[in-house]
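All remarks here apply to the structure that follows.
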Amino acid sequence: MKSELDFSSKIENITHVEKLVDDLCSQYNLSSEIYGNMMVAVVEAVNNAILHGNKLDPEKKVLVRFELKDDILVFKVSDQGEGFDYKEIPDPTLPENIEKPHGRGIFLMKHLVDEMDFHNNGCEVELKFRIK
Numbered sequence: 000m001k002s003e004l005d006f007s008s009k010i011e012n013i014t015h016v017e018k019l020v021d022d023l024c025s026q027y028n029l030s031s032e033i034y035g036n037m038m039v040a041v042v043e044a045v046n047n048a049i050l051h052g053n054k055l056d057p058e059k060k061v062l063v064r065f066e067l068k069d070d071i072l073v074f075k076v077s078d079q080g081e082g083f084d085y086k087e088i089p090d091p092t093l094p095e096n097i098e099k100p101h102g103r104g105i106f107l108m109k110h111l112v113d114e115m116d117f118h119n120n121g122c123e124v125e126l127k128f129r130i131k
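Laid out in structure tokens, this is it:
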């Protein structure tokens, strides 16, 4: 199985990532809980890269890499945007943020993965899932 995908920043390209997660979960016989967490978190990361990182510019690419390291499936999702200050993300559960239409994706991702890190000024997110 190919260990990376790259595609232009169009929302419809999320289907490639959904298929990748489906294929990996089948290949490694992952539980439905891991599958669900992985699907939501990785799709959210790609969605953020397309919408917020690359601002829907079809000339810009999203790169999704993955590898299995010691029972941990690692995804790295990169965009060609300007990055963002990932240390200053408002807590969407605070009363002043509860009704805002955006700002829940990273919070959600953080709660679905075993470990999450940002690199390259926020242009890359690394998601780790313990699969055994």
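In numbering that gives the first Met the number 0, the protein residues as written are 0 to 131.
Ideal placement from N, C-alpha and C gives every residue a C-beta, glycine not left out.
Name, in chain order, the residues that DSSP records as bridge partners for Leu62. To locate residue 62, count along the sequence shown from 1; it is residue 63. Its beta-bridge partners are Asp5 and Ser77.
Distance check for Glu125 and Asp116, CA to CA, integer angstroms please. If you number the sequence shown from 1, residue 116 lands on position 117. If you number the sequence shown from 1, residue 125 lands on position 126. Cα to Cα, the separation comes out at about 5 Å.
Go through its chain and collect everything with a Cβ distance to Ile10's Cβ below 7 Å, but skip five positions before and after it. To locate residue 10, count along the sequence shown from 1; it is residue 11. Same-chain partners within the cutoff: Ile49.
Whole angstroms is fine: what's the gap from Asn96's alpha carbon to Gly104's? The residue given as residue 96 occupies position 97 in the sequence shown. The residue given as residue 104 occupies position 105 in the sequence shown. Using only the alpha carbons, I get a separation of about 13 Å.
Cβ neighbours of Asp56 in the same chain (closer than 6 Å, five flanking residues each side left out): To locate residue 56, count along the sequence shown from 1; it is residue 57. Hits under 6 Å: Ser8.
Cα separation between Thr92 and Val16? Position 93 of the sequence shown, counted from the first residue, corresponds to residue 92. Position 17 of the sequence shown, counted from the first residue, corresponds to residue 16. Distance between the alpha carbons of Thr92 and Val16: 28 Å.
Near Asp5, which residues of its chain fall below 6 Å by C-beta distance, leaving aside the five closest residues on each side in sequence? Here residue 5 corresponds to residue number 6 of the sequence shown, with the count starting at 1. Once the five neighbours on either side are set aside, the close Cβ partners of Asp5 are Lys60 and Leu62.
Could you tell me which uninterrupted alpha helix (DSSP H) segments, each at least 4 residues in length, are contained entirely in the segment 21-58, listed from first to last along the chain? 31-47
Should the segment 30-46 be called in touch with the segment 83-91, which here means at least 3 C-beta pairs below 8 Å? No contact exists between the segment 30-46 and the segment 83-91.
Gly102, buried or exposed, once every other Cβ within 10 Å from all chains shown has been counted against 16: Within the sequence shown, the letter at position 103 stands for residue 102. Gly102 comes out exposed.
Which residue wins for smallest C-alpha separation from Tyr27, given the options Gly35, Asn46, Asp70 and Lys54? Along the sequence shown, read from residue 1 onward, the residue named residue 27 stands at position 28. When each option's Cα is compared against that of Tyr27, the closest is Asp70.
Using the three-state DSSP reduction, which class does Lys18 fall into: helix, strand or coil? Stepping through the sequence shown from its first residue, residue 18 is reached at position 19. Residue state, collapsed to three classes: helix.
Quick one: residues in its chain with C-beta nearer than 8 Å to the C-beta of Ser2, no 5 flanking neighbours on either side, listed in chain order? As a working mapping, residue 2 is identified with position 3 in the sequence shown. Here the set comprises Arg64, Phe65 and Glu66.
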